[in-house]
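What follows is a short report on a single structure.
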Amino acid sequence: MDTIGILGAGAMGSGIAQVAAAHGHNVIVCDNLTPALSKSGKNIQACLKTLVDKGKISDADAYSLYSRIRYTDHMSDFKDCSLVIEAIVEDVEPKQIAFKSLEAILGNDTIIASNTSSLSISAMGAPLKHPERILGIHFFNPAPLMRLVEIIPAIQTHQKYIEQARALIDSWGKTTVLAQDTPGFIVNRVARPYYGEALRILEEGIADPATVDWAMRELGGFRMGPFELMDFIGNDINYTVTEQVFTAFYYDPRYKPSLIQKRLMDAHYFGRKSGRGFYDYTEGAVQPEPLRDETLGRTILQRILVMLINEAAEAANLRIASRDDIELAMTQGVNYPKGLLRWADEIGIRQVVDTLDALHNVYLDPRYRCSPLLRRMAAEGKTFF
Ligand SMILES: NC(=O)c1ccc[n+]([C@@H]2O[C@H](COP(=O)([O-])OP(=O)(O)OC[C@H]3O[C@@H](n4cnc5c(N)ncnc54)[C@H](O)[C@@H]3O)[C@@H](O)[C@H]2O)c1
């Protein structure tokens, strides 16, 4: 594949363009807003300068990488591309319109991919004459740094395009995993309890954000606690994804959003980017100290962890992805300290089931229902690995 087209010059489009150009492709980046094009150019140049300053690439390599990227506001410039990756606004309708316009420009064999985080790829292909060449290619932010890429075939996608796309993205040094076209794919589905259960713990007054974050970091080995991570992602973005996943799963209580986070979003307490979120980021603000109570910390960790394991097990049960791809997705997509299914083996499947059942007995909420796969495995004494 020689020339790669990127539609949308925002954070993701720019990052993907940089990765493709770094692997020798000519890249055409198209955006309907001219300022977005110049901003993308400046951001990529700043990123390359950092790499040169750190000695990771030479000046000459940075220059030739950047010279392979061309900016345009005319989609028609994509006509010779063998792959176009769309990274525009997260909404099915504009994506469908863009896909239809792309189809009128591109050859029938050109792969059209979406970088959507959770929307239906099959819906995006519905208006096309040749939907067999569409698929999801989901990079994580920042695309040049994050290794994981989820490959999501739509129900219309032909096998040869899946293989071509996967081989290409693998050749860019990424780790690809295959996911079914279901809301949130692997990572944005399996990670939901990390936020959702932490928010329930806060709502019930069991612990404050600083204590939950401390427990997950210090006792669980996670790089960031759930509240600092929500502030980092942005409470607006994190809440919206949760709400989309909740709606798309027919209001399954497992994915129910939290009013605490909704109120933060309402107040524009988005997190780091707005200076206020669960924490105060204004200059001189004093950060709250966690209650370093190990018994409480272990209870918090166990509750969030079994909910994550349950979600991962249910994804395996419903064949959303293979066991190994679920493990890769969570360790490389969101840097979890261990694969969740391996972690389940370590804790003991019976122990995971008992903890979920105990929560279910207290709350009588189907949110805590145990995956039938875990229950079967516990009865048969099986392990994931
Ligand atoms: N930001 C993330 O962390 C992240 C991670 C993974 C996937 N995604 C997904 O990637 C996509 C892009 O996200 P982003 O964060 O880069 O968004 P962004 O808002 O930074 O950029 C989107 C760009 O698309 C342009 N655009 C909108 N409609 C267009 C059209 N019809 N034609 C051409 N350009 C158009 C906008 O002008 C803007 O520059 C979304 O689907 C998002 O869900 C985002």
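For the sequence shown, this note's numbering assigns the number 1211 to the initial residue and increments by one for each residue that follows. Positions of the beta carbon are idealized from the N, C-alpha and C atoms, including for glycine.
- When the alpha-carbon of Val1229 is set against those of Leu1345, Pro1500, Ser1381 and Val1302, the nearest one is in Ser1381.
- Fully contained in the stretch 1372–1405 are the following alpha helix (DSSP H) runs of length 4 or more, in chain order: 1397–1400.
- Across the structure, Gln1255 and Trp1424 are spaced so that their CA atoms are roughly 37 Å apart.
- In chain order, Pro1547 and Lys1548 place their CB closer than 8 Å to the CB of Gly1431, counting only its own chain and leaving out the 5 sequence neighbours on each side.
- Shown here, Tyr1281 sits in a strand according to DSSP, grouped into three states.
- For the pair Leu1247 and Tyr1276, the CB atoms are not nearer than the 9 Å cut-off.
- Residue environment for His1348: buried (at least 16 other C-beta atoms within 10 angstroms of its C-beta).
- Remark: the shortest separation between the CB of His1348 and any heavy atom of ligand 1 falls under 8 Å.
- Sorting Val1397, Ile1470 and Asp1418 by C-alpha distance to the C-alpha of Ala1526 places Val1397 at the top.
- Bounds of the beta strand (DSSP E) holding Ile1295 are Leu1293 to Glu1296.
- With a cutoff of 9 Å on beta-carbon distance, Tyr1465 and Arg1402 are scored as near each other.
- In the structure shown, the three-state DSSP call for Leu1247 is helix.
- Ser1332 has its CB no nearer than 8 Å to any heavy atom of ligand 1.
- Counting C-beta pairs with one atom in each stretch, the stretch 1356–1367 and the stretch 1533–1547 have three or more that are closer than 8 Å, which means they touch.
- Unbroken beta strand (DSSP E) runs of no fewer than 3 residues, entirely contained in the stretch 1561–1593, are not found.
- In this structure, Ile1470 and Leu1412 form a Cβ contact; the two beta carbons are roughly 6 Å apart against a cut-off of 8 Å.
- In this structure, DSSP gives Arg1433 a state outside helix and strand, which the three-state scheme calls coil.
- Look at Pro1304: its beta carbon is less than 8 Å from one of the heavy atoms in ligand 1.
- When only Cα atoms are considered, Asn1318 and Ile1344 end up about 11 Å apart.
- For Ile1447, there is no enclosing beta strand (DSSP E); the residue is found in the alpha helix (DSSP H) stretching over Asn1445 to Ala1458.
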